[in-house]
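S.K.:
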Amino acid sequence: MLLSNIYKNVIFHAMFPKEVYIERRSRLRSKIRSGIALFVGNFEMPMNYRSNTYRFRQDSSFLYFFGLNQPELVGVMDFDAGTDSIYGNDVDIEDIIWMGPQPSLKEQAAGVGVVTTCPLKDLQGKVNAAIKAGRKIHFLPPYRHQNMMVLNDLLGVNYGVLSKYVSKELVKAVVSLRSIKDSYEIAEIDNACNVGYQMHVAAMRMCKPGVYEREIAGFIEGIALQGGGGVSFPVILSQHGETLHNHYHGNMLEAGKLMITDAGAEIASGYASDFTRVTPVGGKFTQKQKDIYNIVLAANNNTTMLAKPGVKYQDVHLAAARTITEGLMSLGLMHGNVDDAVKNGAHALFFPHGLGHMMGLDVHDMEDLGEDFVGYDEETSRIDQFGTAYLRLGRRLEPGFVITNEPGIYFIPALVQKWKEEKINSSFINFSKVEEYLDFGGIRLEDDLLITDKGCRLLGKKRIPITVEQVEEAANS
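Below is the structure:
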């Protein structure tokens, strides 16, 4: 049998038609007129020794522009010449023994509309010639040590100071392109959200007294793997939801507690989902739990109504903070004027994080490029205040943005104690009442939204059960 026939059974083709990648690079070329750009793909990373590696994950910007999901590739765009190249090495017979037959780099590159391929060793000469000619070398901020060393060797710049040479022009251009999701991307994110739905409904059904958190976390990670990729970030699942990102899964679930599950899927294309739900252990919310839960749900639903083109997500965050403050005041946990309380950041005792972030090829989309470039701009600056300062996305929303909507209320004993002792926002906080909730835990409710021409829509075929009644029904099914 000819090797070319075997190739047909090896899935190394790009996720989208080659015209998609050609058009993406063309749009980037319209934003940057000179120099060359280096898109350094990722390398395999050892877990505990060199040949025992983590599951390979390609760099997202390389995926976006060059579409090939294999290690040790570098994409080069020459803006002056208007050419694109991929540098990498074809497999040899030893690789084939372990991996099976592989299509050539030239064949793979053709699938993303790139004609020119070169051995990886030739890249140094390309870079040296550009440097000698005084041309600008554009590259994005590296986040892996191996990629830092590659750039160190190519550019002759110590990896400790590489950040000084990062091309802000390229960063801004890439952010402007990747922020707006096309129809292919939206379909992939919908698919990732459908896997996320399965994960969360399974977690609700497994939420029983006597079950260990790790049993549920492991089961839903298996669902993500069945979906073709894996989890989009390490699963957060705990009956101690007062810890915002709790990755410890060693507790046995206890009746009367609340289990928070913050988890999403990354499918084969690299696109992500990210949802959070809270389930009562034993299948029934107490009235006290319902009261807090429904405040968070109101903030979540109100965000979905407010999120639309032209609106600053920073303003939507503050609207969610007001909804939370109003609700807590109705329960006697806070008092005073709502607007004054939010202006002074009093809500952050209970809601000490941002309302959401961009999502796409990364669950926190493009965060490697710099949060301020992705979530803020010349018009919208970060608010330097505890809690609100953690808002990852504050700028005006545009059609094609994919974002998360994740308000929450938490009772964090150490934070409550600090604020009480230091009399922080004491004119707005009823500490004696708050102390009755120190064993409550936390509630966060997160959906994924696509900003449309007139508003937004929930991503995925169906909304994960979210009302008190829906969650109880799922937990008891």
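One point on numbering: in full-length UniProt numbering, the residue at position 355 of the sequence shown is 355, and numbering is uninterrupted. Ideal Cβ positions, reconstructed from N, Cα and C, are used throughout, including at glycine. Since the structure is predicted, the reported quantities are computational estimates derived from the model, not experimental observations.
Are the Cβ atoms of Y184 and V112 separated by less than 8 Å?
M.R.: Taking 8 Å as the Cβ cut-off, Y184 and V112 do not qualify as a contacting pair.
S.K.: Which residues in the same chain have their Cβ closer than 6 Å to the Cβ of F428, if we skip the five residues on either side of it in sequence?
M.R.: Excluding sequence neighbours, F428 sits near M334, G336, A341 and A346.
S.K.: For A442, which residues does DSSP report across the bridge?
M.R.: As written in the sequence, residue 442 is Gly, which differs from the Ala given in the question. For G442, which the question treats as bridged, DSSP gives the partners Y410.
S.K.: Does DSSP classify L73 as helix, strand or coil?
M.R.: Three-state DSSP puts L73 in coil, outside helix and strand.
S.K.: Give the list of continuous beta strand (DSSP E) stretches no shorter than 3 residues that lie fully inside the stretch 347-429.
M.R.: Runs of the beta strand (DSSP E) inside the stretch 347-429: 402-405 and 408-410.
S.K.: Closer than 8 Å is the cut-off here; do at least three beta carbon pairs connect the stretch 45-61 with the stretch 76-93?
M.R.: Judged by Cβ distances under 8 Å, the stretch 45-61 makes no contact with the stretch 76-93, as fewer than three pairs qualify.
S.K.: Name the residue from Q198, Y165, Q226 and Q70 whose alpha carbon lies nearest to the alpha carbon of A474.
M.R.: Out of Q198, Y165, Q226 and Q70, Q198 has the C-alpha closest to the C-alpha of A474.
S.K.: If you compare alpha carbons, which of L438, H357, L361 and V363 is closest to Y376?
M.R.: It is H357.
S.K.: Taking F374 as the reference, give the member of T380, S381 and M366 with the closest Cα.
M.R.: Before going further, note that residue 374 is Val rather than Phe in the sequence given. Cα-wise, what sits closest to V374 is M366.
S.K.: Using beta-carbon positions only, say whether G394 and Q314 come within less than 8 Å of one another.
M.R.: A contact, by the Cβ cut-off of 8 Å.
S.K.: Rounding to the nearest angstrom, what Cα-Cα distance links S330 and I295 in this structure?
M.R.: Approximately 10 Å, taken between the alpha carbons.
S.K.: According to DSSP, simplified to helix, strand and coil, what is F285?
M.R.: F285 falls in the coil class under three-state DSSP.
S.K.: Please give me, in chain order, every unbroken run of the alpha helix (DSSP H) with length at least 4 that falls completely inside the UniProt domain "Aminopeptidase P N-terminal" (16-148).
M.R.: Within the UniProt domain "Aminopeptidase P N-terminal" (16-148), the complete alpha helix (DSSP H) runs of at least 4 residues are 18-31, 60-66, 93-99, 105-110 and 123-132.
S.K.: Which term fits N69, buried or exposed, when burial requires 16 or more other beta carbons within 10 angstroms of its beta carbon?
M.R.: N69 should be labelled buried.
S.K.: DSSP three-state label for M1, please.
M.R.: In this prediction, M1 has a pLDDT of 31, which is less than 50 and means its spatial position is unreliable; what the coordinates show is noted afterwards. Looking at M1 - three-state DSSP - the assignment turns out to be coil, as it is neither helix nor strand.
S.K.: Rounded to the nearest angstrom, what separates R33 and G160 at their Cα positions?
M.R.: Taking the straight line from one Cα to the other gives about 28 Å.
S.K.: Pair every Cβ in the stretch 277-284 with every Cβ in the stretch 297-311, then say whether three or more of these pairs are closer than 8 Å.
M.R.: Short answer: they don't touch.
S.K.: Helix, strand or coil for F219? Go by DSSP, reduced to three states.
M.R.: In this structure, F219 counts as helix in the three-state DSSP scheme.
S.K.: Kindly indicate the opening and closing residues of the beta strand (DSSP E) around L450.
M.R.: Residues D447 to I451.
S.K.: How is the beta strand (DSSP E) around F275 delimited, first residue to last?
M.R.: Residues F275 to P280.
S.K.: Quick check: H145 and A37, are their CB atoms within less than 8 Å of each other?
M.R.: Against a cut-off of 8 Å, the Cβ pair of A37 and H145 comes out as no contact.
S.K.: Whose C-beta lies closer than 6 Å to the C-beta of G100 among residues of the same chain, with five residues either side of it excluded?
M.R.: Cβ neighbours of G100 beyond the five flanking positions: none.
S.K.: When burial is assigned at 16 or more other CB atoms within 10 Å of the CB, is D95 buried or exposed?
M.R.: Exposed, since its Cβ has fewer than 16 Cβ neighbours within 10 Å.
S.K.: Under a Cβ-count criterion, where at least 16 other Cβ atoms within 10 Å of its own Cβ denotes burial, should L445 be classed as buried or exposed?
M.R.: Under this definition L445 is a buried residue.
S.K.: Compute the Euclidean distance between the alpha carbons of F285 and A298, then round it to the nearest angstrom.
M.R.: Answer to the nearest angstrom: the Cα atoms are 17 Å apart.
S.K.: Taking the CB atoms as reference points, tell me whether V195 and L155 lie closer together than 8 Å.
M.R.: Cβ distance not < 8 Å, so V195 and L155 don't count as in contact.
S.K.: Report the option in L140, Y143 and S85 whose CA atom is closest to the CA atom of L120.
M.R.: Closest by alpha carbon: S85.
S.K.: What are the partner residues of K312, as DSSP defines its beta bridges?
M.R.: Note: K312 sits in a beta bridge opposite R396.
S.K.: In the DSSP assignment, what residue or residues form a beta bridge with E266?
M.R.: In the DSSP output, where bridge partners are listed per residue, E266 has G230 and A272.
S.K.: Would a C-beta distance cut-off of 8 Å place V40 and L151 closer than the cut-off?
M.R.: Cβ atoms of V40 and L151: closer than 8 Å.
S.K.: What are the residues that DSSP puts in a beta bridge with residue 480?
M.R.: This structure cannot speak to residue 480, because the chain is shown only from 1 to 477.
S.K.: Give me, in chain order, the residues of the same chain whose beta-carbon lies closer than 8 Å to that of R135; leave out the 5 immediate sequence neighbours on both sides.
M.R.: Once the five neighbours on either side are set aside, the close Cβ partners of R135 are S34, G35, I36 and D80.
S.K.: For D372, collect the residues of the same chain with a Cβ closer than 8 Å to its Cβ; drop the 5 residues on either side in sequence, then sort them by chain order.
M.R.: Counting only Cβ-Cβ distances below 8 Å, and skipping sequence neighbours, we find R382.
S.K.: Just the Cα atoms here: how many angstroms apart are S26 and G442?
M.R.: Roughly 47 Å separates the two Cα atoms.
S.K.: Three or more beta-carbon pairs under 8 Å between the stretch 450-458 and the stretch 242-262, yes or no?
M.R.: As far as the Cβ criterion goes, the stretch 450-458 does not touch the stretch 242-262, which means the pair count is below three.
S.K.: Taking a contact to mean a Cβ-Cβ separation below 8 Å, would you say I220 touches A268 in this structure?
M.R.: Not in contact: I220 and A268 (Cβ atoms no closer than 8 Å).
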